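Notes follow once the structure below has been shown.
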Amino acid sequence: MSPNGSNDDSEERGEIELSSPDTEKRRGARALKRKIERSSNLRRRKPQVSSPTVTNEPETDTKSEAKPRAKSGGLRAKAAKKKSSARANKASKAKSIAKVEEEYEIKSLPDGTQLKVKITQNSRKPKRPVPRRKIVDDYGPGPAMPDISSVPDEAGDEPRRINLGSIVSQMRRSVTYLKKQLTVQPKVGVILGSGLSSVARLVSEEPIEFSSIPGFISPGVKGHPGFVRAGMVGTTPTLICEGRLHYYETGSMKDTVRPIQAFMALGVERLILTTSAGALNPDYRPGDIMFVSDQINLMGDNPLFGLAPDFNPSPFVDVSGIYDSDAILKSDRICRRSRVKSHKGTLAGMRGPVYETPAERAWLRSMGADAVCMSVIPEALAAAHVGVPVTGLALIVNDASSTKSGVLTHERVAKTGQKYAANMKRLIKNLLTAVG
1 MSPNGSNDDS EERGEIELSS PDTEKRRGAR ALKRKIERSS NLRRRKPQVS SPTVTNEPET
61 DTKSEAKPRA KSGGLRAKAA KKKSSARANK ASKAKSIAKV EEEYEIKSLP DGTQLKVKIT
121 QNSRKPKRPV PRRKIVDDYG PGPAMPDISS VPDEAGDEPR RINLGSIVSQ MRRSVTYLKK
181 QLTVQPKVGV ILGSGLSSVA RLVSEEPIEF SSIPGFISPG VKGHPGFVRA GMVGTTPTLI
241 CEGRLHYYET GSMKDTVRPI QAFMALGVER LILTTSAGAL NPDYRPGDIM FVSDQINLMG
301 DNPLFGLAPD FNPSPFVDVS GIYDSDAILK SDRICRRSRV KSHKGTLAGM RGPVYETPAE
361 RAWLRSMGAD AVCMSVIPEA LAAAHVGVPV TGLALIVNDA SSTKSGVLTH ERVAKTGQKY
421 AANMKRLIKN LLTAVG
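Last residue of the sequence shown? That's 436 in full-length UniProt numbering, and every number before it is there in order.
Here it is in structure tokens:
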């Protein structure tokens, strides 16, 4: 303003007053620009983790630094969250490890079910030390074992020896009695199976009971009455035994084959062994007769067990041709003459008295057996031991290879044997004529 007059001051004030709105706008724009620059500079700075130092700065600077301080506080919160999450992860891992280390036991309930139960410290059984034995007493933990050097050589299963003295004396008494009772000297012996007693009518002699013969045991199975007859069949002196002793009755092979041995000691030179058998071959039907060409011994015993190796005749017998080949060759002609459907096959001998299961029948068939029975095998071995030829005849009484025939009983087997006994009678008569 000029000192010479008020007009200049008023003019100067007017200029200032006129220019004041624009000036304020420019100032505000410059201040806003400075704030934007400061905020951008603060964003470019690295965050300070440590606590900020107190400095003597203008108020504008302290106000502008409020935001980065808040930002550093957020970083600390994030770091704290990370630490807490790490702790939580460690705790969860510890829990999972503890779960894995937990032990369980299986408890059986009264109803038969099993329950998985967690083992707690209270229920955990205390571990007891395993008592160990002294080495000087035996050989460490486990069952006590005797010193082998202290066991005598004779200990254990003693070898089974046949008392030949008693057998020979009984045989002599049996033979002496039979010679007195029989009117002929038999050359052929016929042993009849279950239900085939009517075949004995081929001879007309009076029967002799087993119980009256010294050393004989009476059979107790139905269909085996236990009689001995002798007479002429055509021109052949023949001894016919109604019934036999089975291994499942006596439990002893020597008792089972004693009648056969007595007959051979009496002078019998040929044996015809008959049996009522179950078919394994699907081509066999009830009423058919099989000539036995070979055998499978599944009885678990042998009448030659217990004989001394130097016994005469030797117990080491070749039984590859145990059944008479001459009769087998003539079997077709004999069966045609007897009006009987015949077969030639392998006979399996089981111990009995139970019948075979379906699995056992399939197993026997897979081994090559055509029929199965509970006899014949011991008697054939006893005859082969002394060189007597054997003819085996198996009357098929049931189809053992299927379950269509229903429940199998011994009464049913004996009844079927009686039904087809006439076929066996005709065949034996023609057989005696052909090879007797």
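Glycine included, C-beta positions come from ideal geometry on N, C-alpha and C.
Quick caveat, the model's predicted, so the values are computed rather than measured.
Beta-carbon separation of Arg219 and Pro303 under 8 Å? Indexing the sequence shown from 1 puts residue 219 at position 219. Indexing the sequence shown from 1 puts residue 303 at position 303. The question names Arg, but residue 219 in the sequence shown is Pro. No, Cβ-Cβ distance for Pro219 and Pro303 is not below 8 Å.
Which class does Arg229 belong to by DSSP, given the choice of helix, strand or coil? One-based indexing of the sequence shown puts residue 229 at position 229. In the structure shown, Arg229 sits in a strand (DSSP, three-state: E or B).
For Ala434, which residues of its own chain have a beta-carbon under 8 Å away from its beta-carbon, when the five flanking residues on both sides are left out? Here residue 434 refers to the residue found at position 434 when the sequence shown is read from its first residue. So the qualifying residues of the chain are Ala327, Lys330, Arg333, Ile334.
Met350 - containing beta strand (DSSP E), residue span: Taking the sequence shown and counting its residues from 1, the one referred to as residue 350 is at position 350. Where Met350 is concerned, the enclosing beta strand (DSSP E) stretches over 342–350.
Any alpha helix (DSSP H) of 4 or more consecutive residues that is wholly inside the region 255–339: Those alpha helix (DSSP H) runs which fall completely within the region 255–339 and span 4+ residues are 258–266, 325–329, 331–338.
Between the CA atoms of Gly352 and Pro362 - distance to the nearest angstrom: Here residue 362 corresponds to residue number 362 of the sequence shown, with the count starting at 1. Here residue 352 corresponds to residue number 352 of the sequence shown, with the count starting at 1. It should be noted that the sequence gives Ala, not Pro, for residue 362. Distance between the alpha carbons of Ala362 and Gly352 is about 17 Å.
Reduced DSSP secondary structure (H/G/I, E/B, other) of Ile106: Working through the sequence shown from its first residue, we reach residue 106 at position 106. In the structure shown, Ile106 sits in a strand (DSSP, three-state: E or B).
Start-to-end residues for the beta strand (DSSP E) that takes in Gly392: Sequence index remark: in the sequence shown, residue 392 carries index 392 (1-based). Residues 390–399.
Suppose the cutoff is 8 Å on Cβ atoms and the five residues either side in sequence are ignored; what does the same chain contact list for Ile106 look like? Numbered from its first residue, the sequence shown carries residue 106 at position 106. Cβ neighbours of Ile106 beyond the five flanking positions: Gln114, Leu115, Lys116, Val117.
Determine, using beta carbons only, whether Leu202 and Ile240 come nearer to each other than 8 Å. Along the sequence shown, one-based indexing puts residue 202 at 202. Along the sequence shown, one-based indexing puts residue 240 at 240. Cβ distance < 8 Å, so Leu202 and Ile240 count as in contact.
Roughly how many whole angstroms lie between the Cα atoms of Tyr247 and Ala262? Counting from one through the sequence shown, the residue named residue 247 turns up at place 247. Counting from one through the sequence shown, the residue named residue 262 turns up at place 262. Whole-angstrom Cα-Cα distance: 17 Å.
Who are the Cβ neighbours of Leu431 in its own chain at under 6 Å, not counting the five residues just before and after it? Counting from one through the sequence shown, the residue named residue 431 turns up at place 431. Sequence-distant partners of Leu431 (beyond 5 residues in either direction) whose C-beta falls short of 6 Å from its own C-beta, in its chain, are Ile334.
Ala279 and Asp399 closer than 8 Å at C-beta: Counting from 1 along the sequence shown, the entry for residue 279 is found at position 279. Counting from 1 along the sequence shown, the entry for residue 399 is found at position 399. For Ala279 and Asp399, yes; Cβs fall inside 8 Å.
Should Glu37 be labelled buried (16 or more other beta-carbon atoms within 10 Å of its own) or exposed? Against the sequence shown, residue 37 aligns to sequence position 37. Answer is exposed; the Cβ neighbour count stays below 16.
Expressed to the nearest angstrom, what Euclidean distance is found between the alpha-carbon atoms of Leu192 and Ser366? Position 192 of the sequence shown, counted from the first residue, corresponds to residue 192. Position 366 of the sequence shown, counted from the first residue, corresponds to residue 366. C-alpha separation (whole angstroms): 29 Å.
Determine the burial state of Gly387: buried for a count of at least 16 other Cβ atoms within 10 Å of its Cβ, exposed for fewer. For the purposes of this step, residue 387 is taken as residue 387 along the sequence shown, with counting starting at 1. Looking at its Cβ environment, which holds fewer than 16 other Cβ atoms inside 10 Å, Gly387 is exposed.
Would you mind giving the Cβ-Cβ distance between Leu273 and Val199, rounded to the nearest angstrom? I have them listed as a contact below 8 Å. Numbered from 1 along the sequence shown, position 273 holds the residue referred to as residue 273. Numbered from 1 along the sequence shown, position 199 holds the residue referred to as residue 199. Going by Cβ atoms, the distance from Leu273 to Val199 rounds to 13 Å, so no, they are not a contact pair.
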